[in-house]
Amino acid sequence: MSTAAAPAPPAGEPGAPGDALSVQNVDVAYTVRGKRRGVLHDVSFRVARGESYGLVGESGCGKSTMALAVVRYLARNGSVTKGGITVDGRDVLAMSGAELRKLRANTVAMVYQEPGRALNPSIRVGRQVAERFEVSGMARAQAVDRSLEMLQKVRIADPASVMNRYPHQLSGGMLQRVVIAIALAAQPSLLILDEPTTALDATVEAEVLDLIVALREELSTSLLFISHNLGVVSRMCDRVGVLYAGELVEEGPAQAVFHDPRHPYTVGLLRCIPRRDTLKARRALDTIPGSLPEPGASPAGCIFADRCGLAEHRCRVEAPPLYTAGSHHRSRCHLHERAQLLPRATPAEAASTAERTGSDGTLIRATSVSKTFRVAGQAIHGLTDVSFELRSGETLGLVGESGSGKTTLARVLLGLTAPDPGAQITLAGAALPESADKRTRDQRKAVQIVFQNPDSALNRRHSVRRLISRSLSRLGGYRGQALLERLSTLIKEVRLSDRHLDMRPVQLSGGLKQRVAIARAFAGDPQVVVCDEPTSALDVSVQAAILNLLTDLQRREQVSYVFISHDLGVVRYLADRIAVLYLGRLMEVGSAERVFSGPHHPYTEALLSAVPTLDQADRERIRLEGEIPSAAHPPSGCVFHTRCPRRLGPICDEIEPPLAEREPGHTIRCHIPIEELSSLQLGPQDAGVAPARG
Amino acid sequence: MSIADIPVESAGALRADRREARREVLRELVRRPLFIVGSLIIVFWIICALFPSLIATQDPYAQNLLNINQPPSSAHRFGTDSLGRDMFSRVIYGARDILVIAPLATLLGTVLGTALGLVMGYLRGITDDVTSRFVEAFLALPVVVTSLIVITALGPSSLTLIVVIGVLFAPLIARTVRAAVLQERSLEYVAAARLRDERAPYIMFVEILPNVMAPVMVEFTVRLGYAIFAVATLSYLGFGLQPPSPNWGLEVSQNFVQVTAGFWWEVLFDALAIASVVIAVNLVSDSVERVLEQ
Chain A
1 MSTAAAPAPP
11 AGEPGAPGDA
21 LSVQNVDVAY
31 TVRGKRRGVL
41 HDVSFRVARG
51 ESYGLVGESG
61 CGKSTMALAV
71 VRYLARNGSV
81 TKGGITVDGR
91 DVLAMSGAEL
101 RKLRANTVAM
111 VYQEPGRALN
121 PSIRVGRQVA
131 ERFEVSGMAR
141 AQAVDRSLEM
151 LQKVRIADPA
161 SVMNRYPHQL
171 SGGMLQRVVI
181 AIALAAQPSL
191 LILDEPTTAL
201 DATVEAEVLD
211 LIVALREELS
221 TSLLFISHNL
231 GVVSRMCDRV
241 GVLYAGELVE
251 EGPAQAVFHD
261 PRHPYTVGLL
271 RCIPRRDTLK
281 ARRALDTIPG
291 SLPEPGASPA
301 GCIFADRCGL
311 AEHRCRVEAP
321 PLYTAGSHHR
331 SRCHLHERAQ
341 LLPRATPAEA
351 ASTAERTGSD
361 GTLIRATSVS
371 KTFRVAGQAI
381 HGLTDVSFEL
391 RSGETLGLVG
401 ESGSGKTTLA
411 RVLLGLTAPD
421 PGAQITLAGA
431 ALPESADKRT
441 RDQRKAVQIV
451 FQNPDSALNR
461 RHSVRRLISR
471 SLSRLGGYRG
481 QALLERLSTL
491 IKEVRLSDRH
501 LDMRPVQLSG
511 GLKQRVAIAR
521 AFAGDPQVVV
531 CDEPTSALDV
541 SVQAAILNLL
551 TDLQRREQVS
561 YVFISHDLGV
571 VRYLADRIAV
581 LYLGRLMEVG
591 SAERVFSGPH
601 HPYTEALLSA
611 VPTLDQADRE
621 RIRLEGEIPS
631 AAHPPSGCVF
641 HTRCPRRLGP
651 ICDEIEPPLA
661 EREPGHTIRC
671 HIPIEELSSL
681 QLGPQDAGVA
691 PARG
Chain B
1001 MSIADIPVES
1011 AGALRADRRE
1021 ARREVLRELV
1031 RRPLFIVGSL
1041 IIVFWIICAL
1051 FPSLIATQDP
1061 YAQNLLNINQ
1071 PPSSAHRFGT
1081 DSLGRDMFSR
1091 VIYGARDILV
1101 IAPLATLLGT
1111 VLGTALGLVM
1121 GYLRGITDDV
1131 TSRFVEAFLA
1141 LPVVVTSLIV
1151 ITALGPSSLT
1161 LIVVIGVLFA
1171 PLIARTVRAA
1181 VLQERSLEYV
1191 AAARLRDERA
1201 PYIMFVEILP
1211 NVMAPVMVEF
1221 TVRLGYAIFA
1231 VATLSYLGFG
1241 LQPPSPNWGL
1251 EVSQNFVQVT
1261 AGFWWEVLFD
1271 ALAIASVVIA
1281 VNLVSDSVER
1291 VLEQ
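So the sequences go chain by chain: A and B.
At the far end of the first sequence sits residue 694, using our numbering, and the numbering has no gaps.
At the far end of the second sequence sits residue 1294, using our numbering, and the numbering has no gaps.
Laid out in structure tokens, this is it:
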């Protein structure tokens, strides 16, 4: 419910005395099999007292290594080989073991990505919080009182009962609150947050971020906030440092870095992110060509030169210093003044996507699909009466929080999970048997999938050649020479090359693995490809390339996508129509434009409002209170009423609203009339945006 | 160089290739002193089993009744037995029986057990339920006692020993493999295989089997230790090969009475030989387990 506070004014000049954290010219290296590999090179930054500093960059850039180096918690084979780190004015690198322990106990606290792994699974939560107080010499009883207080402070509704529970009995969001409570118990002067919300759902993430903002003001703690998510960092941080391949390539106030970037890497990174105004129909996403250099590589010139479209001869021979590019804004680029002129790595022209050829006939029609799982004698309602249709050549985006039934629905479509009796699914008018084993070869090859995690989806013992050829022969019916030819064109279509064919998945990067999975899905010329979070495990620059590839393939092969994602930005970019699921029920179905611009279902509204984006103007945020109810005991009436910010009254608790068509092609499951939704939602926010329709 | 020349994702992100990975496992193993010790002992006994004449100093069958029950000396390093045969040579020649029967029995058990485990883990449902009960029933049978009964019925021979021990080991291995298969089965490559209409045997043996080889290898080495022990025990009880062939278990039982007369060397060295092989195999299997399952 809290509105985001305006960020504190930018901190003073770098070099101000009494910085919470100061990192000067730090090099960190890991020794791997006798060889020393540098992972951080000449990194300098400061976090002033009370300031929130963000470190961003893609995986492998050294963000987490930096966080660990600050508290001297590097793995045994890692060490700070050069430079200095001071926390609260004290030299961390010179500390003895006892001093270091004191530093970690009283001055610096860390919160990691996986809250479940930060807590001991066999000790009650209360004990673990109290322990934190006892470390600083508090008596047991007093520690318990303080724990209660602390849990209240992190907005845990019923702290006394939470203290008596074990970690596995709490949801991810609750656990992260507990971890934050423990971290803040000693009132540290510096709090290091390493991807604290990456494992959480968007609505929960929003709450946790709100909490961090509020607590930071209350406790005047400095933050070092590490994330790959630029939207989150832009919301949370006063100043930002961009790490690339172990070097700090750009640094400055968050506003400046994100809206006036001065390093080509930052420019490229920002262009990879699907924005509100980029749609696949209008333009392809830009990408960053090439990949991260091997750790330890130290080119003579700029470390980014190989991937930079602006690079000149000078960039390859002379390492750029940190240039001043504006007030408090620095960039490690010779051409920082021209950084934004970076040419596109991917041609923008994609406009022809929109013109779908052929009829807009219904390809898949699913009617009253329900799925009840039986777990320990309890009925878990995974899906309840879901009906929808998929037209040929379109992309249907499926969104919802984890546990909303997105993946179950995908598995039902594929024939991997049998729905409850009564469901009916047709493909091009013909009934589609429930189980993949009972489908004809044509039906089976018509519906294929790209799984979320290529590590799980690709057999790690098989070569790329085998993985793709097997699908070509089983689904496509190719043999002999024809198979070889098709294999060679298919891998070109997904932009793999011949030398990848004899590799195994472990030898490929995440993006390449996903390309293999995509090639496999397209081996039998499918009509429908289900994409189950295909880019959620990838970095944004790789994600952009995969999204472009999917768009490209769709245009060429006239295939329909069911695109599952928790990332609304990605869905907005790719989807023609969107279906919103909550607790296994469809809450809203409509064209992407209408679902995003509103009026929309209050749940959709909350989802949209939860996502921190780069181009979000300060608008009123809607927060969902509480947890997603258990699917074993879904709430009565409208299943969303327990968390709904726009609940009308008893009618919502008692009567389930129908999924009714409120506008042509736009159905919403809500008691609130659409006119009212429209005025509620378009009122205070988006004031500048003209109402889409009356 | 223009942007278009740069591949979408260059080879920079590629990791060591597969041969490298295998070499890495070997390197990890060689780095463990216990693995080296175990392997050296096993290699020694394998050489004994293959070329006993290279190491043995005398004919293991040559009796010398003038020279019976001699304590270890320079002429007879491990002394002589009650028929005056050279104990050292008999111990060396004795390696063959155990080192042929035990590995073959283990191999048979591993093959049967792996196949059974794959079927149980992959098909699950009623097949798994029924097979699992049979497996559990088999697990209740003590290996040595059951072998005794079967050998009594069929008569002792190397083949009977191999089959009996192999069949009795199969359920144990099946259980481990089944657990590994259950984990693999939930991975999406299995779903992907079903979506392209692969038959169950293909999925089990071509898709899943290569991914559960690590536990299978570990099971093999662990079971090998037990098999050696079982073979030695059965020989000791007189159900293995018959005299006069030199065989550690048999020798121990034959010469056991001599210990009371103070002729300890007629038993000790055979016993040590059994112990050394079992311990060596366990050292190796421990290392393999650590390296493969880390």
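Where is the CB? At the ideal position from N, CA and C, for every residue including glycine.
Own chain, CB closer than 6 Å to residue i, minus 5 neighbours either side, in chain order
i: A/P196; result: V111
i: A/Q176; result: P115 and V208
i: B/A1011; result: Note that B/A1011 has pLDDT 35, beneath the 50 cutoff, so the model's placement of it is unreliable and the number below is only indicative. Excluding sequence neighbours, B/A1011 sits near nothing in its chain.
i: A/G231; result: P612, T613 and L614
i: A/R330; result: E251, L322 and T324
i: A/L248; result: V43 and G241
Identity of the residues DSSP links to residue i by a beta bridge
i: A/K35; result: A/V32
i: A/M110; result: A/I192
i: A/P564; result: Checking the displayed sequence, the identity of residue 564 of chain A turns out to be Ile instead of Pro. Its beta-bridge partners are A/L398 and A/D532.
i: A/H666; result: A/G590 and A/E663
i: B/I941; result: Not covered by the structure: residue 941 of chain B. The range shown for chain B is 1001 to 1294.
i: A/T362; result: A/R391
i: A/I425; result: A/A366
i: A/A430; result: A/L427
i: A/P167; result: According to DSSP, A/P167 bridges with nothing at all.
i: A/F373; result: A/I380
i: B/D1081; result: In the DSSP output, where bridge partners are listed per residue, B/D1081 has none listed.
7 Å Cβ shell around residue i - same chain, five flanking residues per side excluded
i: A/K63; result: L55, G57, I226 and L243
i: B/V1037; result: L1283
i: B/S1039; result: V1284
i: B/L1099; result: W1045, I1046 and A1049
beta-carbon residue i near the ligand NAP non-hydrogen atom, thresh 7 Å
i: A/F373; result: This structure lacks the ligand NAP, and indeed carries no ligand of any kind.
Per-residue contacts from residue i into chain B (C-beta, under 8 Å)
i: A/R165; result: Residues of chain B passing the Cβ test: none, with the nearest at roughly 28 Å.
i: A/S456; result: L1187, E1188 and Y1189
i: A/R646; result: Within chain B, no residue comes near A/R646; the closest Cβ sits about 38 Å away, beyond 8 Å.
i: A/R520; result: A1192
Partner residues on chain A for residue i, Cβ-Cβ distance less than 7 Å
i: B/D1129; result: Residues of chain A passing the Cβ test: none, with the nearest at roughly 17 Å.
Contact list for residue i against chain C, beta-carbon separation under 8 Å
i: A/R444; result: In the structure shown, chain C does not exist; the protein chains are A and B.
Contacts that residue i makes with chain A (C-beta to C-beta distance below 9 Å)
i: B/A1170; result: Per Cβ cutoff of 9 Å: no residues; B/A1170 is ~24 Å from chain A at best.
Contact list for residue i against chain B, beta-carbon separation under 7 Å
i: A/L414; result: L1195
i: A/Q448; result: L1195
i: A/F451; result: E1188
i: A/R283; result: Per Cβ cutoff of 7 Å: no residues; A/R283 is ~17 Å from chain B at best.
i: A/R706; result: In the structure displayed, chain A extends from 1 to 694; residue 706 of chain A sits before or after that span and is not available.
Within chain A, partners of residue i - CB distance below 8 Å
i: B/A1180; result: Those within 8 Å of B/A1180 in chain A number zero; the least Cβ separation is about 14 Å.
Contact set for residue i: own chain, Cβ-Cβ below 8 Å, skip 5 residues either direction
i: A/K513; result: P454, D455, L458 and P505
i: A/Q704; result: A query on residue 704 of chain A cannot be resolved here, the shown segment of chain A reaching from 1 to 694 and no further.
i: A/A305; result: P299, A311, C315 and R316
i: A/S541; result: E58, G268, L269, C272, T287 and I288
i: B/R1133; result: none
i: B/R1223; result: T1106, G1109, T1110, F1169, L1172 and I1173
Taking a Cβ distance cut-off of 7 Å, strictly less, list which residues of the region 1059-1075 of chain B are near chain A, in chain order.
none
Residue ranges of each alpha helix (DSSP H) within the region 572-635 of chain A, 4 or longer
592-597 and 602-610
Please list, in chain order, the residues of the region 469-487 of chain A that have any C-beta partner in chain B closer than 8 Å.
R470, S471, R474 and L475
Mind listing, in chain order, the continuous beta strand (DSSP E) runs of no fewer than 3 residues lying wholly within the region 41-120 of chain A?
52-56, 78-87 and 108-111
In the region 1199-1223 of chain B, which residues sit with their C-beta less than 8 Å from some C-beta in chain A, listed in chain order?
E1207, P1210 and N1211
Which ranges does the beta strand (DSSP E) cover as unbroken runs of at least 3 residues, wholly within the region 273-326 of chain A, from first to last along the chain?
323-326
In chain order, what residues of the region 416-443 of chain A put their CB closer than 8 Å to some CB of chain B?
L416, A436, D437 and R441
Going along the chain, which unbroken runs of the alpha helix (DSSP H) with 4 or more residues stay wholly within the region 124-161 of chain A?
125-135 and 140-153
For the region 224-235 of chain A, list every residue whose C-beta sits within 9 Å of some C-beta in chain B, in sequence order.
none
So within the region 460-497 of chain A, which uninterrupted alpha helix (DSSP H) runs reach at least 4 residues, ignoring any that extend past its ends?
464-471 and 480-493
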